[in-house]
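Structure first, then comments.
Put into structure tokens, the structure is as follows:
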């Protein structure tokens with residue numbers, strides 16, 4: 018149980034690191050890059066950093082079998098390139114608030130996939146947590162003004178595609194974590210991701226830009242903090258035997274961390290509705306925290322003999 022608590026704690030930490038994406042990405046967008054270019058550079062840059070780390074410090078991390086190549090290729094295609102394509106198509110067809118809401122439908126898709134793939138139980142507690150976290154994300158993203166949502170059939174279909182591919186990203190993280198090093202997974206997934214996304218990257222515009230020292234530094238932090246470190250911690254979390262459906266809900270805390278970071282860094286206001294949404298997301302996450310604490314207390318109250326028997330069964 019202590020291992021699972023550590024695993025879920027790592028998920029929360031990775032969500033905090035992912036929340037910095039908005040800061041670094043926003044600076045790069047303001048500098049003149051398009052959203053597609055930022056996404057391409059994130060995949061290309063993070064894989065380049067890992068390539069250099071592997072070459073100079075850990076060459077053994079390049080080793081991967083045929084199954085791993087095929088799975089990370091799938092990861093790069095669906096969990097990176099296709100996800101980004103759906104994201105930017107939805108953004109083009111709708112609005113920032115709309116695509117944000119669609120992305121946070123992913124925990125529901127994760128729960129369904131995890132039920133069939135990993136046999137994870139879907140109980141009432143998980144259902145309540147899903148409703149609370151999605152409702153909170155909706156309020157935080159829109160500020161309570163549903164007029165910020167732009168809905169049309171192409172936008173809805175692409176938005177749901179983004180939610181599904183985001184869920185596939187989580188499922189593959191859990192599936193791959195059993196057999197491969199987290200940095201190896203990220204490296205190959207990102208390499209395949211930028212290769213598949215290359216036709217949409219507008220690479221000519223990237224090469225033509227004048228890169229200041231500040232832009233280079235921001236890009237490096239974008240590739241390193243939320244991507245290399247954030248993804249590796251998230252994949253590492255699954256080695257502690259946590260459930261992907263619960264991890265998906267806890268990862269929704271990213272929207273809470275992002276709201277606080279935007280308030281602290283950019284001075285964005287947080288109205289009553291947004292604060293209420295933050296509380297809902299936190300309540301959704303706390304459903305699992307209470308359950309874990311209860312289960313852990315039950316184990317502590319067990320007799321030494323029963324505890325030893327449990328360890329033998331493991």
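Residue numbers (our numbering): 18 to 331.
Even for Gly, the Cβ is constructed at its ideal location relative to N, Cα and C.
- In the structure shown, residue 181 adopts helical secondary structure according to DSSP, grouped into three states.
- The continuous alpha helix (DSSP H) containing residue 54 extends over residues 52–73.
- Between residue 220 and residue 184, the C-beta gap is not smaller than 7 Å, which leaves the two residues out of contact.
- When rounded, the separation of the alpha-carbon atoms in residue 292 and residue 66 is 37 Å.
- Distances from the alpha-carbon of residue 107 to those of 125, 97, 98 and 119 put 119 closest.
- At a Cβ-Cβ threshold of 7 Å, residue 235 and residue 22 do not count as neighbours.
- Counting the other Cβ atoms within 10 Å of the Cβ of residue 201 gives 16 or more, which makes it buried.
- DSSP places residue 124 in the uninterrupted alpha helix (DSSP H) bounded by 123–134.
- A contact between stretches requires three or more CB pairs, one per stretch, nearer than 8 Å, and the region 56–72 fails this requirement with the region 296–306.
- Straight across, the Cα-Cα distance linking residue 275 with residue 36 is about 5 Å.
- Taking the Cα positions, residue 209 is about 35 Å away from residue 295.
- Excluding sequence positions up to five before and after residue 153, its CB lies within less than 6 Å of the CB of 294, 297 and 298, all in the same chain and listed in chain order.
- For secondary structure counted as the alpha helix (DSSP H) over 4 or more consecutive residues, the region 192–261 holds these complete runs in sequence order: 199–214, 220–225, 230–239 and 247–254.
- In this structure, the CA atom of residue 77 is about 14 Å from the CA atom of residue 205.
- By the Cβ criterion, the region 261–281 is in contact with the region 185–192, since at least three pairs of Cβ atoms, one from each stretch, lie closer than 8 Å.
- Here the alpha carbons of residue 277 and residue 283 stand approximately 10 Å from one another.
- Residue 287 carries a coil assignment under DSSP once its states are collapsed to helix, strand and coil.
- Contact annotation: the region 94–109 touches the region 172–180, with at least three C-beta pairs closer than 8 Å.
- Between residue 159 and residue 114, the C-beta gap is smaller than 7 Å, which places the two residues in contact.
- Taking every protein chain shown into account, the CB of residue 286 has fewer than 16 other CB atoms within 10 angstroms, so this residue is exposed.
- Spatial neighbours of residue 55 in its own chain (CB-CB distance under 6 Å, excluding positions within 5 residues in sequence) are listed in chain order as 42 and 45.
- In this structure residue 243 is not in contact with residue 89, their Cβ atoms being roughly 19 Å apart against a cut-off of 8 Å.
- Ranked by Cα distance from residue 125, the options 111, 149, 110 and 109 are led by 149.
- Boundaries of the alpha helix (DSSP H) harbouring residue 46: 38–47, taken from the DSSP string.
- Around residue 24, the same chain offers 254, 257 and 259 as residues with beta carbons nearer than 6 Å, after the five sequence neighbours per side are excluded.
- Residue 137 is not a Cβ neighbour of residue 146, given a cutoff of 7 Å.
- Residue 166 sits in coil when the DSSP states are folded into three classes, being neither helix nor strand.
- Taking residue 40 as reference, the option from 161, 198, 168 and 240 with the minimal CA-CA separation is 240.
- Here residue 270 is not near residue 98, since their CB atoms are 7 Å or more apart.
- In the structure shown, residue 137 adopts coil according to DSSP, grouped into three states.
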